[in-house]
Amino acid sequence: MAETYVVETTGLTKHYGSIVAVDNLTLRVPKGGVFGLLGPNGSGKTTTMSMLLGLVKPTAGTFKL
Numbered sequence: 002m003a004e005t006y007v008v009e010t011t012g013l014t015k016h017y018g019s020i021v022a023v024d025n026l027t028l029r030v031p032k033g034g035v036f037g038l039l040g041p042n043g044s045g046k047t048t049t050m051s052m053l054l055g056l057v058k059p060t061a062g063t064f065k066l
């Protein structure tokens, strides 16, 4: 039986001009799973969540919720 994912990204990327905020993010969060985004300031956590919420358009890549 195939596993069901509630979040799935493939090659998710966001550039602001020459600045790379998120670079080629690929992840899968299974149904019932718990996932946290951890990292230092400026590592792309907020940009990633903004893309998943539809507030910011990715430069490249895809995602499904």
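To convert, count from 1 in the sequence shown and add 1; that's our numbering. The C-beta atom is built at its ideal place from N, Cα and C for all residues, glycine as well.
Would you decide whether V23 is buried or exposed? Buried here means 16 or more other CB atoms lie within 10 Å of its CB.
Taking the sequence shown and counting its residues from 1, the one referred to as residue 23 is at position 22. Answer is buried; the Cβ neighbour count reaches 16.
Could you tell me the alpha carbon to alpha carbon distance between K58 and S44, rounded to whole angstroms?
Locating residue 58 in the sequence shown gives position 57, where the first residue counts as 1. Locating residue 44 in the sequence shown gives position 43, where the first residue counts as 1. Distance between the alpha carbons of K58 and S44: 18 Å.
Evaluate K15 with the Cβ neighbour count: other Cβ atoms within 10 Å of its Cβ, from every protein chain shown; 16 or more gives buried, anything less gives exposed.
Here residue 15 refers to the residue found at position 14 when the sequence shown is read from its first residue. Burial call: buried.
L38 and K46 look like a contact to me (Cβ under 8 Å); what is the Cβ gap, rounded to whole Å?
Position 37 of the sequence shown, counted from the first residue, corresponds to residue 38. Position 45 of the sequence shown, counted from the first residue, corresponds to residue 46. Correct: roughly 4 Å between the Cβ atoms.
Classify K58 as helix, strand or coil using the three-state DSSP reduction.
Counted from its first residue, the sequence shown places residue 58 at position 57. Correct three-state label for K58: coil.
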